[in-house]
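Protein chains in written order, with this note's numbering: chain L, 1 to 331; chain B, 332 to 656.
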């Protein structure tokens with residue numbers, strides 16, 4: 001039997017996102033991108049670099065610094081036959097558009113008795129770790145996942161960076177896509193024919209049998225490193241990438257727990273009222289008797305993220321803190 | 332402008348429909364049939380009626396939480412609106428929205444927004460989509476003068492003018508943002524100048540005179556349809572009733588309310604229509620009879636409506652979709 005190796009390309013998370021945008025723009029004339037500095041500047045994180053030249057100003061639309069107006073305009077355009085991709089430079093600025101997201105995008109379908117769809121995708125960078133201090137280091141994934149009416153996705157791999165956008169655009173409801181800024185330079189191999197992926201299910205990124213590490217987004221690489229270190233101590237950790245935070249795929253999480261009976265949740269949000277808390281609560285409700293040890297959480301410290309590097313690093317999940325929590329759990 | 336008898340009849344008919352519908356709503360609120368917040372449009376009827384006269388079915392309408400009048404003038408049935416306020420499935424939003432969230436996709440009526448200024452960005456985006464898809468309809472957005480103080484107003488005005496989208500901004504200046512008078516909240520109370528600062532054409536109109544509203548709206552619509560970009564209209568109007576059913580009206584004098592009531596758009600237009608010979612008092616009486624029948628039927632429809640079973644509580648939060656493999 002001949003092993004056929006599928007052709008792969010070496011690429012980055014940033015380029016995978018750009019491939020996804022380019023494909024969507026080529027594939028459907030209803031798709032357009034708008035946001036601050038997405039055009040002439042090439043995107044704050046260079047995700048949309050070159051797209052203005054390729055698709056023109058109508059479809060790669062620079063906006064003024066008016067988050068509420070351009071996010072709301074995205075909702076209005078989605079109500080009216082378009083498939084807008086709105087880039088909010090970072091989730092930190094998304095608070096200026098929160099009214100539009102929560103009071104319009106998330107509610108219009110329901111308040112109208114199901115008369116309208118809002119096939120909108122809002123992309124935003126998220127996360128700490130670059131010494132940008134409190135106002136530029138937020139992780140609001142869990143906050144947004146609190147809201148019924150929107151879907152929250154967190155691509156953490158090249159495949160998902162390449163594949164989630166199209167699926168999100170084809171979803172009739174608003175989808176918020178969080179891109180952890182530390183992932184943009186992530187490099188690796190991607191199938192040359194990579195395309196759309198599902199946005200319904202969590203993924204097992206590493207199989208294991210002793211404990212389950214549940215995470216998403218920017219914490220996935222750290223969690224995988226921690227799992228590698230655990231393997232060196234003969235501890236077999238299963239790593240679950242939630243991928244979609246709303247709706248949560250608890251089936252995958254609970255299937256893993258049924259195998260390992262131990263769990264650590266790694267979540268860059270603040271611990272109080274976090275997504276990690278929600279997962280813990282659901283495990284208590286749905287699988288309490290599966291647990292052989294208390295669930296541990298590795299979250300951000302209860303502090304606005306500080307500037308000084310050592311303090312910032314101490315405030316957010318790290319390989320060492322994940323490792324320590326995992327060891328306590330299997331002890 | 333001089334209306335032909337048909338137009339005069341229609342304008343009066345629509346204003347009377349709104350007035351009587353609102354009076355009935357207030358009554359049903361007191362009777363406990365309608366709950367939540369109820370904001371009456373009494374006194375401001377000429378604005379919605381005059382503007383709708385100038386719009387076409389291909390245009391979209393975005394309104395505020397004081398929108399029963401806009402919905403009626405846009406062609407939503409009184410029964411569907413009343414049933415909505417009763418919370419019945421037969422309501423225009425299937426009982427999920429209530430008084431402040433009336434919707435009708437077929438009429439391109441996009442609500443009913445209870446956040447002041449919340450519909451403005453939607454209107455810009457809707458109008459942008461019209462332009463990008465080379466469609467002919469425009470997007471019209473009603474909002475109160477209270478919205479002028481919101482950042483979303485300024486962001487939206489700028490974006491609409493910058494992108495030259497076919498949007499009509501319709502400011503219903505009834506002088507009070509709930510209980511705060513315009514001059515107590517704005518450093519500059521000239522609203523048309525604010526539009527002009529975004530290089531948007533605009534005009535201030537007597538919102539108590541339905542013919543003045545029709546004329547200004549027609550000119551504005553023509554301007555926008557010709558591809559000249561957005562247009563701003565300020566309608567100087569007044570609400571005769573309290574802000575909502577919970578407002579003791581401590582912020583304005585009875586004398587002021589009475590002065591404005593002298594300028595009632597319905598009484599004023601009726602008197603003029605008779606003296607100009609556009610309408611007879613028999614026609615006006617016939618309108619009242621017709622409207623009374625319509626409102627009675629609307630209440631019957633709402634009363635006969637059904638409650639959605641609780642089992643479907645979480646319906647319409649997301650679109651039903653098949654799982655992606």
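Ideal Cβ placement from N, Cα and C applies to all residues, glycine included.
State the beta-bridge partners of residue i as determined by DSSP.
i	result
residue 337 of chain L	Given a span of 1 to 331 for chain L in the structure shown, any question on residue 337 of chain L remains unanswerable.
residue 206 of chain L	L:239
residue 471 of chain B	B:392 and B:499
residue 598 of chain B	Answer is none; residue 598 of chain B lacks a bridge partner.
residue 83 of chain L	L:31
residue 533 of chain B	B:563
residue 307 of chain L	DSSP lists no partner for residue 307 of chain L.
residue 263 of chain L	L:212
residue 177 of chain L	L:123 and L:153
residue 300 of chain L	L:270
residue 588 of chain B	According to DSSP, residue 588 of chain B bridges with nothing at all.
residue 440 of chain B	B:392 and B:435
residue 508 of chain B	B:511
residue 88 of chain L	L:124
Any beta carbon of chain B sitting closer than 8 Å to that of residue i?
i	result
residue 162 of chain L	no
residue 295 of chain L	no
residue 23 of chain L	no
residue 263 of chain L	no
residue 58 of chain L	yes
residue 26 of chain L	no
residue 79 of chain L	yes
residue 76 of chain L	yes
residue 117 of chain L	yes
residue 66 of chain L	yes
residue 149 of chain L	yes
residue 20 of chain L	no
Look at the Cβ atom of residue i, then the Cβ atom of residue j, and state whether they are nearer than 8 Å.
i	j	result
residue 436 of chain B	residue 499 of chain B	no
residue 133 of chain L	residue 45 of chain L	no
residue 647 of chain B	residue 113 of chain L	yes
residue 536 of chain B	residue 506 of chain B	no
residue 248 of chain L	residue 287 of chain L	no
residue 196 of chain L	residue 157 of chain L	no
residue 268 of chain L	residue 127 of chain L	yes
residue 456 of chain B	residue 77 of chain L	yes
residue 403 of chain B	residue 340 of chain B	no
residue 433 of chain B	residue 398 of chain B	yes
residue 541 of chain B	residue 443 of chain B	no
Could you check which residue in the options has the C-alpha nearest to that of residue i?
i	options	result
residue 405 of chain B	B:417, B:390 and B:372	B:390
residue 176 of chain L	L:149, L:328, L:158 and L:192	L:149
residue 631 of chain B	B:516, B:472, B:468 and B:414	B:414
residue 462 of chain B	B:497, B:433 and B:486	B:497
residue 142 of chain L	L:222, L:210, L:292 and L:215	L:215
residue 474 of chain B	B:487, B:467 and B:628	B:487
residue 327 of chain L	L:159, L:226, L:120 and L:13	L:226
residue 165 of chain L	L:323, L:15 and L:20	L:20
residue 492 of chain B	L:161, L:59, L:330 and L:64	L:64
residue 592 of chain B	B:584, B:571 and B:607	B:571
residue 480 of chain B	B:521, B:441, B:382 and B:464	B:521
residue 88 of chain L	L:72, L:81, L:79 and L:82	L:72
residue 206 of chain L	L:242, L:183 and L:271	L:242
residue 229 of chain L	L:277, L:121 and L:322	L:322
residue 202 of chain L	L:144, L:279 and L:6	L:279
residue 539 of chain B	B:636, B:590 and B:580	B:590
residue 309 of chain L	L:70, L:174, L:129 and L:198	L:129
Which word fits residue i, buried or exposed, when buried means at least 16 other C-beta atoms lie within 10 angstroms of its C-beta?
i	result
residue 638 of chain B	exposed
residue 307 of chain L	exposed
residue 439 of chain B	buried
residue 333 of chain B	exposed
residue 171 of chain L	buried
residue 29 of chain L	exposed
residue 577 of chain B	exposed
residue 218 of chain L	buried
residue 192 of chain L	exposed
Are the C-beta atoms of residue i and some chain L residue less than 8 Å apart?
i	result
residue 489 of chain B	yes
residue 528 of chain B	no
residue 562 of chain B	no
residue 600 of chain B	no
residue 463 of chain B	yes
residue 434 of chain B	yes
Going by the C-beta, is residue i closer than 7 Å to any heavy atom of the ligand GTP?
i	result
residue 606 of chain B	Here there are no bound small molecules, and the ligand GTP is not part of this structure.
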